[in-house]
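Participant: Below is a structure I'd like to ask you about.
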């Protein structure tokens, strides 16, 4: 069986799913995960109204589904895309919560890898996530240093 790679972004807007229904489904999935052996690679799931044929899902997919339901139960929106998905500059800027011109500056300084498709820039999702991790670490180290300096000044 050939699987076509997914290149589109899948999303559910905040509040589009009834949080109570999502929470109920999450409880059932979590119970199922807790009571199954941790080395179980696949789950057979019977779908209501689907007859006797079971849907077989990898454990990782079921765990990801539980994470999605958890966000929906909290009234949050959810967006899913493959790690190797390529984003437009606007999508990457939105993900980083920065302006598009600021993002382009990051790209041109080499802080985030990208490639050109004609005149357009394309940024891999995992490159954006790596930048976010690196930026978070830098911010944490600055906060730690400020805290350390504050303690030193407070000891005088």
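In our numbering, the protein residues as written are 2 to 157. Ideal placement from N, C-alpha and C gives every residue a C-beta, glycine not left out. Just so you know, these numbers come straight off a predicted model, no measurement behind them.
DSSP three-state label for residue 80, please.
Facilitator: In the chain shown, the residue the question calls residue 80 occupies position 79. Correct three-state label for residue 80: strand.
Participant: Which of helix, strand or coil does DSSP assign to residue 163?
Facilitator: Nothing can be reported for residue 163, as the shown portion of the chain is limited to 2 through 157.
Participant: Would residue 41 and residue 28 qualify as a contact pair, given that the criterion is a beta-carbon distance under 8 Å?
Facilitator: Counting from one through the chain shown, the residue named residue 41 turns up at place 40. Counting from one through the chain shown, the residue named residue 28 turns up at place 27. No.
Participant: Closest to residue 81 by CA distance: which of 13, 146, 113 and 97 is it?
Facilitator: Translated into positions along the chain shown, residue 81 becomes position 80. Comparing Cα-Cα distances from residue 81 to each of 13, 146, 113 and 97, the minimum goes to 13.
Participant: Taking the straight line between their C-alpha atoms, what separation do you get for residue 85 and residue 129?
Facilitator: As a working note, residue 85 is residue 84 in the chain shown. As a working note, residue 129 is residue 128 in the chain shown. Cα to Cα, the separation comes out at about 11 Å.
Participant: Less than 8 Å between the beta carbons of residue 74 and residue 15, yes or no?
Facilitator: As a working note, residue 74 is residue 73 in the chain shown. As a working note, residue 15 is residue 14 in the chain shown. Taking 8 Å as the Cβ cut-off, residue 74 and residue 15 do not qualify as a contacting pair.
Participant: Cβ of residue 34 within 8 Å of Cβ of residue 57?
Facilitator: As a position in the chain shown, residue 34 is number 33, starting the count at 1. As a position in the chain shown, residue 57 is number 56, starting the count at 1. No, Cβ-Cβ distance for residue 34 and residue 57 is not below 8 Å.
Participant: Check for me: the alpha helix (DSSP H) holding residue 146 runs from which residue to which?
Facilitator: Here residue 146 corresponds to residue number 145 of the chain shown, with the count starting at 1. Note, residue 146: alpha helix (DSSP H), 126-155.
Participant: Could you pull the start and end residues of the beta strand (DSSP E) that residue 118 belongs to?
Facilitator: Position 117 of the chain shown, counting from 1, holds the residue named residue 118. Unbroken beta strand (DSSP E) run through residue 118: 116-118.
Participant: Can a CB atom of chain C be found closer than 8 Å to the CB of residue 88?
Facilitator: Among the chains of the structure shown, chain C does not appear; only one protein chain is present.
Participant: Is residue 87 helix, strand or coil by DSSP?
Facilitator: Here residue 87 refers to the residue found at position 86 of the chain shown. If DSSP states are grouped into helix, strand and coil, residue 87 belongs with the strands.
Participant: What does residue 1 pair with, by DSSP beta-bridge criteria?
Facilitator: One cannot answer for residue 1 here, as it falls past the ends of the chain, which runs 2 to 157.
Participant: Taking the DSSP output, what are the residues bridged to residue 112?
Facilitator: Taking the first residue of the chain shown as position 1, residue 112 is located at position 111. Note: residue 112 sits in no beta bridge, so no partner.
Participant: Is it buried or exposed for residue 55, if we count other Cβ within 10 angstroms and need 16 for buried?
Facilitator: Position 54 of the chain shown holds residue 55. Exposed is the call here.
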